[in-house]
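*Asks:* Chains A and B, in that order, give the protein sequences. Going by the working numbering, 283 is the number at position 274 of the first sequence; the sequence numbering is gapless. Going by the working numbering, 91 is the number at position 82 of the second sequence; the sequence numbering is gapless. Glycine residues also receive a C-beta, built at the ideal position from the N, C-alpha and C atoms.
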Amino acid sequence: MTDLTKLTIAEAREGLKSKTFTSLELTEAFLANIERANAALNAYVVVTDDKARDMAKASDEKLAKGEGGALEGIPLGIKDLFATKGIHTQACSHILDGFQPPYESTVTSNLWADGAVMLGKLNMDEFAMGSSNETSYYGNVINPWRKKGSNTDLVPGGSSGGSAAAVAGRLCMGATATDTGGSIRQPAAFTGTVGIKPTYGRCSRWGIVAFASSLDQAGPIAHTVRDSAILLKSMASVDARDTTSVDIAVPDYEAAIGQSVKGLKIGIPREYQVDGMPDEINALWQQGIDWLRTAGAEIVEISLPHTKYALPAYYIVAPAEASSNLARYDGVRYGLRVPGKDIVDMYENTRAAGFGEEVKRRILIGTYVLSAGYYDAYYLKAQKVRTLIKRDFDLAWANGVDAILTPATPNAAFAPGEITDPVQMYLNDIFTVTVNMAGLPGISVPAGLNSEGLPLGLQLIGKPFDEATLFKVGQVIEDAAGRFEPEQWWG
Amino acid sequence: MSVDTDTVKRVARLARIKINDDQAAKMTGELNEILGFVEQLDEVDIDGIEPLTSVVEQTMKKRQDGVTDGDKADDVTANAPASEDHFFMVPKVVE
Numbered sequence: 010m011t012d013l014t015k016l017t018i019a020e021a022r023e024g025l026k027s028k029t030f031t032s033l034e035l036t037e038a039f040l041a042n043i044e045r046a047n048a049a050l051n052a053y054v055v056v057t058d059d060k061a062r063d064m065a066k067a068s069d070e071k072l073a074k075g076e077g078g079a080l081e082g083i084p085l086g087i088k089d090l091f092a093t094k095g096i097h098t099q100a101c102s103h104i105l106d107g108f109q110p111p112y113e114s115t116v117t118s119n120l121w122a123d124g125a126v127m128l129g130k131l132n133m134d135e136f137a138m139g140s141s142n143e144t145s146y147y148g149n150v151i152n153p154w155r156k157k158g159s160n161t162d163l164v165p166g167g168s169s170g171g172s173a174a175a176v177a178g179r180l181c182m183g184a185t186a187t188d189t190g191g192s193i194r195q196p197a198a199f200t201g202t203v204g205i206k207p208t209y210g211r212c213s214r215w216g217i218v219a220f221a222s223s224l225d226q227a228g229p230i231a232h233t234v235r236d237s238a239i240l241l242k243s244m245a246s247v248d249a250r251d252t253t254s255v256d257i258a259v260p261d262y263e264a265a266i267g268q269s270v271k272g273l274k275i276g277i278p279r280e281y282q283v284d285g286m287p288d289e290i291n292a293l294w295q296q297g298i299d300w301l302r303t304a305g306a307e308i309v310e311i312s313l314p315h316t317k318y319a320l321p322a323y324y325i326v327a328p329a330e331a332s333s334n335l336a337r338y339d340g341v342r343y344g345l346r347v348p349g350k351d352i353v354d355m356y357e358n359t360r361a362a363g364f365g366e367e368v369k370r371r372i373l374i375g376t377y378v379l380s381a382g383y384y385d386a387y388y389l390k391a392q393k394v395r396t397l398i399k400r401d402f403d404l405a406w407a408n409g410v411d412a413i414l415t416p417a418t419p420n421a422a423f424a425p426g427e428i429t430d431p432v433q434m435y436l437n438d439i440f441t442v443t444v445n446m447a448g449l450p451g452i453s454v455p456a457g458l459n460s461e462g463l464p465l466g467l468q469l470i471g472k473p474f475d476e477a478t479l480f481k482v483g484q485v486i487e488d489a490a491g492r493f494e495p496e497q498w499w500g
Numbered sequence: 010m011s012v013d014t015d016t017v018k019r020v021a022r023l024a025r026i027k028i029n030d031d032q033a034a035k036m037t038g039e040l041n042e043i044l045g046f047v048e049q050l051d052e053v054d055i056d057g058i059e060p061l062t063s064v065v066e067q068t069m070k071k072r073q074d075g076v077t078d079g080d081k082a083d084d085v086t087a088n089a090p091a092s093e094d095h096f097f098m099v100p101k102v103v104e
């Protein structure tokens, strides 16, 4: 029998419909993989095996009657940031110790309504703050990829490191993820998977633990461009419970796949050519340009002059919003409580014990830049720079550019402990963070391997609510580059 | 701009995070590195530029001011570290 875990969502959908196999068989195959591999990869913090079997059986009943939704019987992993009713939802932080929400996030509700099966909750950087999945309270996630001939562990990227590793390691068919500065696209690039952050307002943020509310967006990580289109269609919705959810119907993204890119204008921003970028990243970028030109797209050089200011502005805006959002964790209503001699002492003890180092750093930066006398110098200035960053993109769209092609990351996956300097770690998001600052959609598509055999990704940036073009162009890259599988060393 | 250890302690107090002297000294270095990094923004001419308040141009959605949910005191207090009769229990704040 074929290994069911090697199928794409699109293939599994056909197999389930034609009754070649059942959702329970498919689900059991993934649970078996998780059982074998999770000790090595640490991608799941909780496996909901009983629930997965129940959901799979319910799907099989529907499928037997020729019924079922768009994701009927498809087993997925859920990032620990999404509220799942009665199930571990702790943003991989100690401060949410024991928290089980009595409600379900909109995004996961949408997935279950379409018939998806939940395998468990996925590891992540604490409160989604990190680029290597080294800040989780539940330990590092390990990348299924290793350098050729090496036994050294590598990071899967972050913050959606568990999501990316679980997909690449065949521990789920697809996963939910979130992206505040690159947390979907960077781990996707590090693991040879496809990740899309949709336009701000496309997926409801209701029931997703908040990090930086003006930047956070949910999106999927999957094996193929088509699978990511299938998942996003289901995750996205218009939701009255999120006032920033935008009132635009969700299109059928899958319909865009396979369409010609002939005549599309693809912008190449010269500012993404950064000092010290490895030659192979440049070569990959050039390769992507050649693929799209061969497919009939028109390549134009463009300028996004404020690119280099996106990361510093982000490290004011994101910590500022985080310091405000994370004020709610005080040991009173949920999670950890560490006693103190009075209530303030209890707050301080709880937050000292409950938050990890990176989260504390960002709360302190955020508190400082918002404190009396510094607001104008930092936060207001960053928000003005943000206007300029968005304006750069608006000008490109006004000049007829349909999508922008850039590298996804300035380097391939690195080893745990290799980057200890916070600012050095932040630089991992240099190509992805502009997209969050401007609220645009961005997709990372695997495009090749570096000389050491590690995956590298290309990023496509689109116009607001034009995810369809990203899927269309992304498919051209996937067709040209092929797909990439890590060699199995675990389990 | 840079911060000294006393400022870091004051900010930690504002953020309600207890830190000891060693941690404050370590944080001071790290915070200064981050503040040094964001200093590049001083190069940008922001004269006459409005701050970005929303990436999507839309007017804030409004809803009817009506009761849509409620009677969930059990749910609301279910995750509390300490609760009694649907109240959150905290150390005494008023003598």
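Would you say Glu104 (chain B) lies against chain A (beta-carbon separation less than 8 Å)?
*Replies:* Residue mapping note: residue 104 (chain B) aligns to position 95 of the second sequence, counting from 1. No, no contact with chain A.
*Asks:* Quick one: which chain B residues come within Cβ less than 7 Å of Thr4 (chain A)?
*Replies:* There is simply no residue 4 (chain A) to check, as chain A begins at 10 and stops at 500 in what is shown.
*Asks:* Answer with buried or exposed for Arg194 (chain A), where buried requires no fewer than 16 other C-beta atoms within 10 angstroms of its C-beta.
*Replies:* In the first sequence, counting from the first residue as 1, residue 194 (chain A) sits at position 185. Arg194 (chain A) should be labelled buried.
*Asks:* Identify the contact partners of Pro450 (chain A) in chain B, using a Cβ-Cβ distance below 7 Å as the criterion.
*Replies:* In the first sequence, counting from the first residue as 1, residue 450 (chain A) sits at position 441. Simply none; closest approach about 11 Å.
*Asks:* Quick check on Phe96 (chain B) - is its C-beta less than 8 Å from some C-beta in chain A?
*Replies:* The residue labelled residue 96 (chain B) in the question sits at position 87 within the second sequence. Output row for Phe96 (chain B): interface = no.
*Asks:* Tell me where the beta strand (DSSP E) around Asp188 (chain A) begins and ends.
*Replies:* Taking the first sequence and counting its residues from 1, the one referred to as residue 188 (chain A) is at position 179. Unbroken beta strand (DSSP E) run through Asp188 (chain A): Gly183 to Asp188.
*Asks:* If Leu128 (chain A) sits next to Val56 (chain A), beta carbons under 8 Å apart, how far is it from one beta carbon to the other, in whole angstroms?
*Replies:* What you label residue 128 (chain A) is simply residue 119 of the first sequence in a count that begins at 1. What you label residue 56 (chain A) is simply residue 47 of the first sequence in a count that begins at 1. Right, their Cβ atoms sit about 7 Å apart.
*Asks:* If you compare alpha carbons, which of A:Ala73, A:Ala329, A:Asp63 and A:Pro84 is closest to Ser222 (chain A)?
*Replies:* The residue you call residue 222 (chain A) lines up with position 213 of the first sequence. Nearest option by C-alpha distance: A:Ala329.
*Asks:* Is it right to say Asn408 (chain A) is buried, meaning 16 or more other beta carbons lie within 10 angstroms of its own, or is it exposed?
*Replies:* Along the first sequence, read from residue 1 onward, the residue named residue 408 (chain A) stands at position 399. Asn408 (chain A) comes out exposed.
*Asks:* Could one say the Cβ of Phe220 (chain A) lies closer than 8 Å to chain B's Cβ atoms, at least one of them?
*Replies:* Here residue 220 (chain A) refers to the residue found at position 211 when the first sequence is read from its first residue. Taking Cβ atoms only, chain B never reaches closer than 8 Å to Phe220 (chain A), which makes this a no.
*Asks:* By DSSP, does Val56 (chain A) sit in helix, in strand, or in coil?
*Replies:* In the first sequence, residue 56 (chain A) corresponds to position 47, counting from 1. Strand.
*Asks:* Among residues of its own chain, excluding the 5 on either side of Pro314 (chain A), which ones have a beta-carbon nearer than 7 Å to its beta-carbon?
*Replies:* Here residue 314 (chain A) refers to the residue found at position 305 when the first sequence is read from its first residue. For Pro314 (chain A), where only same-chain residues beyond five positions count, the Cβ hits under 7 Å are Glu280 and Asp401.
*Asks:* Should Asp351 (chain A) go down as buried or exposed, given a rule of 16 or more other Cβ atoms within 10 Å for buried?
*Replies:* As a working mapping, residue 351 (chain A) is identified with position 342 in the first sequence. That one is exposed.
*Asks:* Curious, which full-length beta strand (DSSP E) runs of at least 3 residues does the segment 240 to 318 of chain A contain?
*Replies:* Segments of the beta strand (DSSP E) lying fully in the segment 240 to 318 of chain A: 274 to 278 and 307 to 311.
*Asks:* How big is the Cα-Cα spacing for Glu37 (chain A) and Pro84 (chain A)?
*Replies:* One-based indexing of the first sequence puts residue 37 (chain A) at position 28. One-based indexing of the first sequence puts residue 84 (chain A) at position 75. Glu37 (chain A) and Pro84 (chain A): Cα-Cα distance of roughly 10 Å.
*Asks:* Assign Asn437 (chain A) to buried or exposed, taking buried as 16 or more other Cβ atoms, counted over all protein chains shown, within 10 Å of its Cβ.
*Replies:* For the purposes of this step, residue 437 (chain A) is identified with residue 428 of the first sequence, where counting begins at 1. Buried is the call here.
*Asks:* Would you mind telling me which residues of chain B sit closer than 8 Å to Ile372 (chain A), beta carbon to beta carbon, in chain order?
*Replies:* Numbered from its first residue, the first sequence carries residue 372 (chain A) at position 363. Ordered by position in chain B, the residues that pass the 8 Å Cβ test against Ile372 (chain A) are Ala24 and Ile26.
*Asks:* Under 9 Å Cβ-Cβ, which residues of chain A neighbour Asp80 (chain B)?
*Replies:* Numbered from its first residue, the second sequence carries residue 80 (chain B) at position 71. None at all; the shortest Cβ gap to chain A is about 13 Å.
*Asks:* Would you call the segment 445 to 458 of chain A and the segment 220 to 237 of chain A touching, i.e. three or more CB-CB distances under 8 Å?
*Replies:* In short, these stretches touch, since the Cβ pair count reaches three.
*Asks:* Go ahead and label Ser460 (chain A) buried or exposed: buried means 16 or more other beta carbons lie within 10 angstroms of its beta carbon, across all protein chains shown.
*Replies:* In the first sequence, the residue the question calls residue 460 (chain A) occupies position 451. Exposed.
*Asks:* Would the segment 136 to 152 of chain A and the segment 101 to 120 of chain A be scored as touching if the rule is three or more Cβ pairs under 8 Å?
*Replies:* A contact exists between the segment 136 to 152 of chain A and the segment 101 to 120 of chain A.
*Asks:* Going by C-alpha distance, which of A:Tyr209, A:Glu494 and A:Thr98 is nearest Ala245 (chain A)?
*Replies:* Here residue 245 (chain A) corresponds to residue number 236 of the first sequence, with the count starting at 1. Measuring from the Cα of Ala245 (chain A), the nearest candidate turns out to be A:Tyr209.
*Asks:* Along chain B, which residues have their Cβ under 7 Å away from the Cβ of Thr396 (chain A)?
*Replies:* Counting from one through the first sequence, the residue named residue 396 (chain A) turns up at place 387. Within 7 Å Cβ-Cβ: Ile58, Glu59, Pro60 and Leu61.
*Asks:* Among the residues of its own chain, which have a CB less than 8 Å from the CB of Tyr324 (chain A), if the five just before and after it don't count?
*Replies:* Position 315 of the first sequence, counted from the first residue, corresponds to residue 324 (chain A). The residues are Ile374 and Tyr435.
*Asks:* Would you say Ser32 (chain A) faces chain B, with C-beta separation under 8 Å as the test?
*Replies:* On the first sequence, position 23 is the one that residue 32 (chain A) refers to. Taking Cβ atoms only, chain B never reaches closer than 8 Å to Ser32 (chain A), which makes this a no.
*Asks:* So, helix, strand or coil for Phe402 (chain A), using DSSP?
*Replies:* As a position in the first sequence, residue 402 (chain A) is number 393, starting the count at 1. Helix, per DSSP.
*Asks:* Shorter than 8 Å from the beta carbon of Asn88 (chain B) to some beta carbon of chain A?
*Replies:* Within the second sequence, residue 88 (chain B) is the residue found at index 79, counting from 1. Yes, because at least one Cβ of chain A sits closer than 8 Å to the Cβ of Asn88 (chain B).
*Asks:* Using Cβ-Cβ distances below 7 Å, what residues of the segment 32 to 46 of chain B are close to chain A?
*Replies:* Taking 7 Å as the Cβ-Cβ cut-off against chain A, the residues of the segment 32 to 46 of chain B that qualify are Met36, Glu39, Leu40, Glu42, Ile43 and Phe46.
*Asks:* Which same chain residues, not among the five before or five after Gly24 (chain A), have their C-beta less than 6 Å away from its C-beta?
*Replies:* The sequence position of residue 24 (chain A) within the first sequence is 15, counting from 1. Counting only Cβ-Cβ distances below 6 Å, and skipping sequence neighbours, we find Phe30.
*Asks:* Touching or not, the segment 369 to 384 of chain A and the segment 281 to 301 of chain A, by the rule of three or more beta carbon pairs under 8 Å?
*Replies:* At 8 Å Cβ cutoff, the stretches do not touch.
*Asks:* Check Gln514 (chain A) in the structure and name its three-state DSSP category.
*Replies:* With chain A running from 10 to 500 in the structure shown, residue 514 (chain A) is simply not present.
*Asks:* Quick one: does Val64 (chain B) have its CB under 8 Å from some CB of chain A?
*Replies:* Start at 1 with the first residue of the second sequence, and residue 64 (chain B) comes out as number 55. So, interface residue.
*Asks:* Under 8 Å by Cβ, that's how I've got Phe91 (chain A) and Val116 (chain A) pegged, so tell me the actual separation to the nearest angstrom.
*Replies:* As a working note, residue 91 (chain A) is residue 82 in the first sequence. As a working note, residue 116 (chain A) is residue 107 in the first sequence. That belief holds up - the Cβ atoms of Phe91 (chain A) and Val116 (chain A) are roughly 6 Å apart, short of 8 Å.
*Asks:* When we look at the beta-carbon of Asp488 (chain A) and count the other beta-carbons within 10 Å, is it buried (16 or more) or exposed?
*Replies:* The count along the first sequence starts at 1 and reaches residue 488 (chain A) at position 479. By the 10 Å Cβ count, Asp488 (chain A) comes out exposed.
*Asks:* I'd like the span of the beta strand (DSSP E) that includes Gly210 (chain A), first residue to last.
*Replies:* Here residue 210 (chain A) refers to the residue found at position 201 of the first sequence. Here Gly210 (chain A) belongs to no beta strand (DSSP E), and DSSP marks it neither H nor E.
*Asks:* Using a C-beta cutoff of 8 Å, does Val76 (chain B) count as contacting chain A?
*Replies:* The sequence position of residue 76 (chain B) within the second sequence is 67, counting from 1. Chain A, which has no Cβ nearer than 8 Å to the Cβ of Val76 (chain B), makes this no.
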